[in-house]
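Notes to accompany the following structure.
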Amino acid sequence: MTPAAPPSDFIREIVRGDQEAGRHGGRVHTRFPPEPNGYLHIGHAKSICLNFGVAADFGGWCNLRLDDTNPTKEDVEYVEAIMADVRWLGFDWHERMYFASDYFERLYEYAELLVREGKAYVDSLSADEIRAHRGTLTEPGRPSPYRDRPVEESLDLFRRMRAGEFPDGTHVLRAKIDMASPNINMRDPTLYRIRHAHHHRTGTAWCIYPTYDYAHPISDALEGITHSICTLEFEDHRPLYDWVIASTRPPATPQQIEFARLNLNYTVMSKRKLLALVEQRLVHGWDDPRMPTIAGLRRRGFTPESIRDFCLRIGVAKKENVVDIALLEHTLREDLNRRAPRAMAVLRPLKVVIENYPEGRVETVMAVNNPEDPGAGTREVPFSRELYIEQDDFMEEPAKKFFRLSPGAEVRLRYAYVITCTGVVKNEAGTITELQCTYDPESLSGETAARRVKGTLHWVSAAHAVAAEVRLYDRLFLSEDPEAGGRDPLSDLNPASLVRLPESRLEPSLAGVAAGTHYQFERQGYFCADPDTRAGAPVFNRAVTLKDAWARLSKRG
RNA sequence: UGGGGCGUGGCCAAGUGGUAAGGCGCGGGUCUUUGGCUCCCGUAUUCGAAGGUUCGAAUCCUUCCGCCCCAACCA
Numbered sequence: 026m027t028p029a030a031p032p033s034d035f036i037r038e039i040v041r042g043d044q045e046a047g048r049h050g051g052r053v054h055t056r057f058p059p060e061p062n063g064y065l066h067i068g069h070a071k072s073i074c075l076n077f078g079v080a081a082d083f084g085g086w087c088n089l090r091l092d093d094t095n096p097t098k099e100d101v102e103y104v105e106a107i108m109a110d111v112r113w114l115g116f117d118w119h120e121r122m123y124f125a126s127d128y129f130e131r132l133y134e135y136a137e138l139l140v141r142e143g144k145a146y147v148d149s150l151s152a153d154e155i156r157a158h159r160g161t162l163t164e165p166g167r168p169s170p171y172r173d174r175p176v177e178e179s180l181d182l183f184r185r186m187r188a189g190e191f192p193d194g195t196h197v198l199r200a201k202i203d204m205a206s207p208n209i210n211m212r213d214p215t216l217y218r219i220r221h222a223h224h225h226r227t228g229t230a231w232c233i234y235p236t237y238d239y240a241h242p243i244s245d246a247l248e249g250i251t252h253s254i255c256t257l258e259f260e261d262h263r264p265l266y267d268w269v270i271a272s273t274r275p276p277a278t279p280q281q282i283e284f285a286r287l288n289l290n291y292t293v294m295s296k297r298k299l300l301a302l303v304e305q306r307l308v309h310g311w312d313d314p315r316m317p318t319i320a321g322l323r324r325r326g327f328t329p330e331s332i333r334d335f336c337l338r339i340g341v342a343k344k345e346n347v348v349d350i351a352l353l354e355h356t357l358r359e360d361l362n363r364r365a366p367r368a369m370a371v372l373r374p375l376k377v378v379i380e381n382y383p384e385g386r387v388e389t390v391m392a393v394n395n396p397e398d399p400g401a402g403t404r405e406v407p408f409s410r411e412l413y414i415e416q417d418d419f420m421e422e423p424a425k426k427f428f429r430l431s432p433g434a435e436v437r438l439r440y441a442y443v444i445t446c447t448g449v450v451k452n453e454a455g456t457i458t459e460l461q462c463t464y465d466p467e468s469l470s471g472e473t474a475a476r477r478v479k480g481t482l483h484w485v486s487a488a489h490a491v492a493a494e495v496r497l498y499d500r501l502f503l504s505e506d507p508e509a510g511g512r513d514p515l516s517d518l519n520p521a522s523l524v525r526l527p528e529s530r531l532e533p534s535l536a537g538v539a540a541g542t543h544y545q546f547e548r549q550g551y552f553c554a555d556p557d558t559r560a561g562a563p564v565f566n567r568a569v570t571l572k573d574a575w576a577r578l579s580k581r582g
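Under the working numbering, think of the first position of the first sequence as 26, with each following residue one higher.
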């Protein structure tokens, strides 16, 4: 990884300025506040790195807070996944894990205060009527007929809302701000709504739940948050955030700062759409390796280091952005190039028989585990008369600049001998089933190996190889912007986003691989053993290919 | 047509009045028993546009243009 310059962005500038000016008593305290209504994705990783990163840079802390104010969408499954993902990314909230639901009682008390002070009222209009009264972008709203209902009446109704006397939708608590505000968020926003629903933490203790706009600023204040970092779409809510703080006078005055969320091309990033993929079984769950979720990226084979590096490199600003997925792939390659041991694996096997190699003979050749890391050592790989090479590494009629095997051509088998193709065996259908070759006994690697050959192929000894399933992943969507023009991204799925190769053959050292282990399969890419791996039956996911100059060349023609 | 934001190369992104960093991508070369890696070179006479201020403007002013967000009892 690049020895990164210390991150600097407009948020850190603000925080630095605040700290130098002694605001918030010189403290810096942030929070990462996901709603537990889905799995975290790479966009959240940007926010996590920002919030934990800012706290670390300025000697402060970052809380993990689950923003669970909507019981109908939230679930403990998500809470646990969020915790696991944040930890896996390498961040630690220590003992500071909170839930907005922890504050329900305090929130309620503040709400009564607002009612008593005439800053909030119970509205008994229906949702449709409230909408009709709200006005439009260009016309002011009209006050609800209940807006000036006596404080005592509102207080009584609010208490009875809490007591469960009313069905869903019959009343809401609204802030009394300004129905004519050009900022629609200030037109008496809803603070509490009735929801007779089971909450994943408070069960049935409550049947009224605070809205985000009300709960968030107070939750921040109660935790002593100094800088409440959120995404651009909340910019319009900042006056409301400040109004809630000013009106309820909690023990701290956090300040909201907005940045542009991450977008990646060839994928979607909203939890709603990711949920649809999962629910409609278009992927195999939230941790499907094609998903941009943290869990998916992890299963795919991404490392926390590569994701953190990615987040560092994309920067933080207020401009809407669409980052090229190639940058994410680059940070993974860069990380794994340094760290991943190499191995030989034949994904689509083509049998090779070396006709002048003695039957039954087996020799072991020495292979380097990682040329980027001399400390990684070497290993032995068995070589014999019958091998497998990659189907792609043979062309009966070689294209221009094809440096691999073809009839009459010679090629080096990595760490072993130079072979020449002398014959091609086909079945009735005309499919090539086997290659006949001869080897040059004088060409063993490391000995009389000064011979220069244009191509080097990876291979595996047929009798020693480990059978494995390899899963090749490609982008989930065909288009760079799957949602372009308001189209449904689910109609843009890449039918080839997953290709299973159940007949792959690995070098024997991979036999007992543990799930989660990374390898570079030479000449092919970085792979990670999937949790589906069983003893003697490895399953590997391709996280990312190696850069492939030949692929580019041959595409050009 | 109201309000809030944003416009620097294909994609990110520095730059805060002194004469356009860096990364990815792309192209070329080097090296090579991974067509990987490394290393080298190239890739914005110009900062959405037009005026203006200034010795000097991406940075200041004016006007215009474009894009995004907001009318959930979602977050």
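Each residue gets a CB set at the ideal place from its N, CA and C atoms; glycine is no exception.
* What is the DSSP secondary structure of N346, reduced to helix, strand or coil? -> coil
* Report all residues from its chain with a CB closer than 8 Å to the CB of L257; omit the five preceding and five following residues, and keep chain order. => E283, F284, A285, R286, K343 and E345
* To do: Excluding the 5 residues preceding and the 5 following P644 in the sequence, name in chain order all residues of the same chain whose CB lies nearer than 6 Å to its CB.
  => Outside the shown range of the chain, which is 26 to 582, sits residue 644, and nothing can be said about it.
* Asked: Does the stretch 113-121 come close enough to the stretch 68-88 that 3 or more CB-CB pairs lie under 8 Å?
  -> yes
* Please list, in chain order, all residues of the same chain as A392 whose beta carbon is under 7 Å from its beta carbon, the five residues on each side excluded. => T403, R404, V406 and Y440
* Reduced DSSP category for A370 - H, G, I as helix; E, B as strand; rest coil -> strand
* Asked: Can you name the residues that DSSP bridges to Q545?
  -> R367 and Y551
* Are F183 and V147 close, meaning C-beta to C-beta below 8 Å? -> yes
* P175 Cβ short of 7 Å to the ligand SAM heavy atom set -> You won't find the ligand SAM in this model; it holds no ligand whatsoever.
* To do: Consult DSSP for W356 and reduce its assignment to one of helix, strand or coil.
  => Strictly speaking, residue 356 in this sequence is Thr, with Trp absent from that position. The answer is helix: DSSP assigns T356 an H, G or I state.
* **Proximal residues to P242 (C-beta, below 6 Å), its chain only, five neighbours per side dropped** => Y266, V269 and I270
* Is P28 helix, strand or coil by DSSP? -> With a pLDDT of 38 at P28, under the threshold of 50, the modelled position of that residue is not reliable, and no figure is offered here.
* **Inside the stretch 169-209 only - beta strand (DSSP E) runs reaching at least 3 residues** => 197-200
* Is H54 near W86, with beta carbons less than 8 Å apart? -> yes
* Asked: Where does E453 fall in DSSP's three states?
  -> coil
* To do: Determine the extent of the beta strand (DSSP E) in which A125 is found, giving its start and end residues.
  => It is not in any beta strand (DSSP E) - A125 carries neither H nor E in the DSSP assignment.
* Asked: Residues in its own chain within less than 6 Å of F77 by CB, not counting five upstream and five downstream?
  -> C87 and F116
* Please state if the CB of P61 and the CB of V104 are separated by a distance shorter than 8 Å. => yes
* Taking just the CA atoms, how far does H355 sit from A240? -> 40 Å
* **Extent of the continuous beta strand (DSSP E) run through R56** => For R56, the enclosing beta strand (DSSP E) starts and ends at H54 to F57.
* Among residues of its own chain, excluding the 5 on either side of G51, which ones have a beta-carbon nearer than 8 Å to its beta-carbon? -> Q44
* With DSSP collapsed to three states, give me the class of C87. => strand
* Assuming V443 contacts S468 (C-beta within less than 8 Å), just tell me the rounded distance between them. => 4 Å
* Asked: Can you tell which of R90, E528, W575 and R577 has its C-alpha closest to the C-alpha of I250?
  -> R90
* Whole angstroms is fine: what's the gap from P235's alpha carbon to A188's? => P235 and A188 have their alpha carbons spaced roughly 15 Å apart.
* Asked: To which residues does DSSP link T318 through a beta bridge?
  -> H66
* Cβ-Cβ distance between M294 and P329 below 8 Å -> Contact check for M294 against P329 fails: the beta carbons are separated by 8 Å or more.
* Asked: With which residues is H252 paired in a DSSP beta bridge?
  -> Q280
* Paired residues, beta bridge with Q461 - DSSP -> V378 and G448
* To do: Pair every Cβ in the stretch 515-535 with every Cβ in the stretch 444-455, then say whether three or more of these pairs are closer than 8 Å.
  => Output reads no: the stretch 444-455 does not touch the stretch 515-535.
* **Contact under 8 Å by Cβ, P563 with A493** => yes
* Pick from E177, D213, H221 and N210 that is closest to F191, judged by C-alpha positions -> H221
* From E532 to T542, what distance separates their C-alpha atoms? -> 15 Å
* Asked: How long is the line joining the alpha carbons of L578 and H483, rounded to whole angstroms?
  -> One C-alpha to the other measures close to 20 Å.
* Those residues which DSSP pairs with M391 across a bridge -> E405
* Distance, C553 Cα to Y464 Cα -> Approximately 33 Å between the Cα atoms of the pair.
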